[in-house]
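J.: Please find one structure pasted underneath; my questions will follow.
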Amino acid sequence: MNPLPQAAGFLVYARNFCMVNRKPKLQKKGERMTTNLRYELRCRECQTRWGNQPISFCQSCFAPLEVAYDWDRIRKEINKDEIARRPPNLWRYRELLPLPEQYDSSTPAGFTPLVHTVKLGEKLRSRSVYVKNDAVCFPTLSFKDRVVAVALTQARNFGFDVVSCSSTGNLANAVAAQAARLGFKACIFIPADLEPAKVLGTQVYGAQIVRIDGNYDHVNRLCSQIADKHRWGFVNVNLRPYYAEGSKTVGYEIAEQLGWRLPDNVVVPMAGGSLITKIYKAFRELIELGLVEEKPVKFFGAQATGCSPISAAVKAGRNEIEPQKPQTIARSLAIGNPADGFYAAKTILGTGGWAEDASDPEIVDGMALLAETEGIFTETAGGVTVAAARKLFAQGRILRDETTVLCITGNGLKTTDALAGRFEAVEPIAPKLAAFEQYLEDQFAGARAAGRGAA
Ligand SMILES: *Cc1c(COP(=O)(O)O)cnc(C)c1O
936 MNPLPQAAGF LVYARNFCMV NRKPKLQKKG ERMTTNLRYE LRCRECQTRW
986 GNQPISFCQS CFAPLEVAYD WDRIRKEINK DEIARRPPNL WRYRELLPLP
1036 EQYDSSTPAG FTPLVHTVKL GEKLRSRSVY VKNDAVCFPT LSFKDRVVAV
1086 ALTQARNFGF DVVSCSSTGN LANAVAAQAA RLGFKACIFI PADLEPAKVL
1136 GTQVYGAQIV RIDGNYDHVN RLCSQIADKH RWGFVNVNLR PYYAEGSKTV
1186 GYEIAEQLGW RLPDNVVVPM AGGSLITKIY KAFRELIELG LVEEKPVKFF
1236 GAQATGCSPI SAAVKAGRNE IEPQKPQTIA RSLAIGNPAD GFYAAKTILG
1286 TGGWAEDASD PEIVDGMALL AETEGIFTET AGGVTVAAAR KLFAQGRILR
1336 DETTVLCITG NGLKTTDALA GRFEAVEPIA PKLAAFEQYL EDQFAGARAA
1386 GRGAA
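Just so we're aligned, residue 936 is where the sequence shown starts under this note's numbering, counting upward by one.
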């Protein structure tokens, strides 16, 4: 099925090399051109088509592959009213996803709330701030449930029994949970320093977990080598082009939930840089299909200061990424050598957006701000998004009278360790009214003393 990639471990290295030093392209036009397919893999650079198979790099020029669709066919089939009648989950956009003829759509992932966040908006002095709240995505409380839902349809299609991934935590949870539902075996590779809640939230589904003494970039490199040797479906390695398409559903939902309109700005957290490019792709597709009116949307990227290879590139006005060694509490974003960093920077710069990053204390403040104003408890990645948005508003890069959507991608209950020490330990009291009255008195006394201290 997949004749080539004995050398995919090498390809991973070679790809980043080729981004900068692009060799003349071997055009294989027509050779593998397949017709009559609803969708197929196509090289992002040399446009060679590769049909549908579990590969993620062009076998002639090493650039990443992307799914290309038969738009004429889709244009005839798709219809807003029909979409609106379907159940509220990501399968409602089935025509726009790379799904096999027969696929299991029983996992109702996606269609998370788009919340008009008035109080958060007041803090940012804007009336039109929205949160796309994937902190409550089904089944594992992060946007990774979307990408896994799509990738596993192809894992089944290609006949894999074992599914796998290299993960910064949320992907591990999503693969493990959905593998359990759909009857795959799951083997998950993670860096050794992941949050305990994310490790437990993988093991609970019966997945095999392999902890690697190294960072995500080490884990990912190992997974590319394993994918060559073992016939496993790695959702973010050999199934990556299909996986990445799942992220488009965030963009479709934002547009639909705004009444089939596009926002002026989106702020998106970046790890590998895939999500931000796919929201862009989703908006472009909706415009091409005539489902929304054409309008310029600015894309803003958010990273942690301790792992900011993409925002550093944007700030330097270039697309080429210089890898970093991650050091941040935002572990879900801790990818030092982002696979789609080049395209993420290009999307941001090409739309007139910008990127910002947030230090560890700013991340925690961002989590607290969203919780205190909107009752939304996000993980560290969401703290990065809120903190970056704050800076972008303050800098005047995001205008206050425009409509801005912040992508909140994960749930705070998975990263409670980031908040350790922020709140005082609460001592228990006796279950007696008198004890409570005494407690109130002590609180007032404490507050008065603090007030005097401050004055
Ligand atoms: C994976 C992840 C992201 C970023 O995804 P990329 O597509 O790799 O940029 C953002 N937020 C959370 C919570 C994630 O788990």
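C-beta: ideal position from N, C-alpha, C; glycine also.
Computed from a predicted model, the values in this text were never measured in an experiment.
When you compare only the Cα positions, how much space is there between L1268 and I1211?
T.: Translated into the one-based positions of the sequence shown, residue 1268 becomes position 333. Translated into the one-based positions of the sequence shown, residue 1211 becomes position 276. The alpha-carbon atoms of L1268 and I1211 are separated by roughly 13 Å.
J.: Less than 6 Å separating the Cβ of N1105 from some heavy atom of ligand 1?
T.: Within the sequence shown, the letter at position 170 stands for residue 1105. Yes, the beta carbon of N1105 sits closer than 6 Å to at least one heavy atom of ligand 1.
J.: If you measure between the beta carbons of R1335 and S1061, is that distance less than 7 Å?
T.: Counting from 1 along the sequence shown, the entry for residue 1335 is found at position 400. Counting from 1 along the sequence shown, the entry for residue 1061 is found at position 126. Yes, the pair counts as a contact, with Cβ atoms nearer than the cut-off.
J.: Thinking just about the alpha-carbon of each residue, which of I1214, E1229, L1221 and G1208 is nearest to the one in C1242?
T.: Taking the first residue of the sequence shown as 1, we reach residue 1242 at position 307. Among I1214, E1229, L1221 and G1208, the Cα nearest to that of C1242 belongs to G1208.
J.: Taking only the alpha-carbon atoms, compute the straight-line gap between A943 and D1016 and give it to the nearest angstrom.
T.: By one-based count along the sequence shown, residue 943 stands at place 8. By one-based count along the sequence shown, residue 1016 stands at place 81. Model confidence at A943 stands at a pLDDT of 41, short of 50, so the residue's coordinates are unreliable; what they give is reported in the following sentence. Rounded to whole angstroms, A943 to D1016 spans 44 Å at the Cα level.
J.: Starting from L1224, follow the alpha helix (DSSP H) in both directions and report where the run begins and ends.
T.: Residue mapping note: residue 1224 aligns to position 289 of the sequence shown, counting from 1. Looking at the DSSP string, L1224 is not in any alpha helix (DSSP H), and its letter there is neither H nor E.
J.: Verify the contact flag: L1224, CB atom, against every heavy atom of ligand 1, threshold strictly below 6 Å.
T.: If you number the sequence shown from 1, residue 1224 lands on position 289. Result no, Cβ not under 6 Å from ligand 1.
J.: Relative to the C-alpha of T1315, which residue among R1081, K1133 and R977 is closest?
T.: The count along the sequence shown starts at 1 and reaches residue 1315 at position 380. For T1315, the nearest C-alpha among the options comes from K1133.
J.: Can you give the Cα-Cα distance for P1074 and A1382, rounded to whole angstroms?
T.: As a position in the sequence shown, residue 1074 is number 139, starting the count at 1. As a position in the sequence shown, residue 1382 is number 447, starting the count at 1. Their Cα atoms are separated by approximately 43 Å.
J.: Quick check on this structure: which residue in T1240, C996, A1162 and V1232 has the alpha carbon closest to the alpha carbon of C1122?
T.: Within the sequence shown, numbered from 1, the residue matching residue 1122 stands at position 187. For C1122, the nearest C-alpha among the options comes from A1162.
J.: Applying the 10 Å Cβ sphere with the 16-neighbour rule, what's the burial state of R957?
T.: Residue mapping note: residue 957 aligns to position 22 of the sequence shown, counting from 1. In this prediction, R957 scores a pLDDT of 33, lower than 50, which makes its location untrustworthy; the coordinate-derived value is nonetheless stated afterwards. With fewer than 16 other Cβ atoms within 10 Å, it is exposed.
J.: In this structure, how does DSSP classify Y948 when only helix, strand and coil are distinguished?
T.: Here residue 948 corresponds to residue number 13 of the sequence shown, with the count starting at 1. Per-residue confidence for Y948 stands at a pLDDT of 34, beneath the threshold of 50, marking its modelled position as unreliable; the derived number appears in the next sentence. In this structure, Y948 counts as helix in the three-state DSSP scheme.
J.: Using a threshold of 6 Å, is the CB atom of Y1345 nearer than that to any non-hydrogen atom of ligand 1?
T.: For the purposes of this step, residue 1345 is taken as residue 410 along the sequence shown, with counting starting at 1. One detail in the question is off: residue 1345 reads as Gly in this sequence, not Tyr. Yes, the Cβ of G1345 comes within 6 Å of a heavy atom of ligand 1.
J.: Under three-state DSSP, which class holds R1175?
T.: Along the sequence shown, one-based indexing puts residue 1175 at 240. In the structure shown, R1175 sits in a helix (DSSP, three-state: H, G or I).
J.: Is the distance from the Cβ of V1432 to the Cβ of N1024 below 7 Å?
T.: Not covered by the structure: residue 1432. The range shown for the chain is 936 to 1390.
J.: Is V1170 closer than 7 Å to A1391 when the C-beta atoms are compared?
T.: No answer is possible for residue 1391: the residues shown for the chain start at 936 and end at 1390.
J.: What does DSSP give as the partner residues of D1292 in its beta bridges?
T.: By 1-based counting over the sequence shown, the position of residue 1292 is 357. Per DSSP, Q1238.
J.: Provide the residue(s) that pair with R984 in DSSP beta bridges, ordered along the chain.
T.: Numbered from 1 along the sequence shown, position 49 holds the residue referred to as residue 984. R984 pairs with R977.
J.: Rounded to whole angstroms, what's the CA-CA distance from A1380 to E1307? Just pull it up for me.
T.: Walking along the sequence shown from the start, residue 1380 turns up at place 445. Walking along the sequence shown from the start, residue 1307 turns up at place 372. A1380 and E1307: Cα-Cα distance of roughly 25 Å.
J.: Measuring alpha carbon to alpha carbon, tell me which residue in D1199, R1156 and V1098 is nearest A1274.
T.: Taking the first residue of the sequence shown as position 1, residue 1274 is located at position 339. Considering only alpha carbons, the answer is R1156.
J.: I'd like the ranges of any alpha helix (DSSP H) spanning at least 4 consecutive residues and lying wholly in the stretch 1046-1076.
T.: Entirely contained in the stretch 1046-1076, the alpha helix (DSSP H) runs reaching 4 residues are, in chain order, 1053-1059.
J.: Is the stretch 1284-1297 touching the stretch 1227-1239 in the sense that three or more CB pairs, one from each, lie closer than 8 Å?
T.: Touching, yes, given that three or more Cβ pairs across the two stretches are closer than 8 Å.
J.: Under 8 Å by Cβ, that's how I've got I1009 and L1197 pegged, so tell me the actual separation to the nearest angstrom.
T.: Translated into positions along the sequence shown, residue 1009 becomes position 74. Translated into positions along the sequence shown, residue 1197 becomes position 262. Not confirmed; about 19 Å, so no contact.
J.: If you follow the beta strand (DSSP E) that S1099 is in, where does it begin and where does it stop?
T.: Your numbering for residue 1099 matches position 164 in the sequence shown. Note, S1099: beta strand (DSSP E), V1097 to S1101.
J.: Measure the alpha-carbon distance for E1036 versus V1172 and round it to whole angstroms.
T.: Along the sequence shown, read from residue 1 onward, the residue named residue 1036 stands at position 101. Along the sequence shown, read from residue 1 onward, the residue named residue 1172 stands at position 237. If you take the alpha carbons of E1036 and V1172, they lie about 23 Å apart.
J.: May I ask which residues mark the beginning and end of the beta strand (DSSP E) holding L1341?
T.: Counting from one through the sequence shown, the residue named residue 1341 turns up at place 406. Residues T1339 to I1343.
J.: Pick helix, strand or coil for A1082, following the three-state DSSP scheme.
T.: Here residue 1082 corresponds to residue number 147 of the sequence shown, with the count starting at 1. Note on residue identity: the sequence assigns Val, not Ala, to residue 1082. Three-state DSSP puts V1082 in a helix.
J.: Using the three-state DSSP reduction, which class does N1105 fall into: helix, strand or coil?
T.: Within the sequence shown, residue 1105 is the residue found at index 170, counting from 1. In the structure shown, N1105 sits in a helix (DSSP, three-state: H, G or I).
J.: Leaving out five residues on either side along the sequence, give the residues of the same chain with a beta carbon under 8 Å from the beta carbon of D1096.
T.: Locating residue 1096 in the sequence shown gives position 161, counting from the first residue. Counting only Cβ-Cβ distances below 8 Å, and skipping sequence neighbours, we find F1119 and K1120.
J.: L1135 by DSSP, collapsed to three states: which one?
T.: As a working note, residue 1135 is residue 200 in the sequence shown. L1135: helix per DSSP, three-state reduction.
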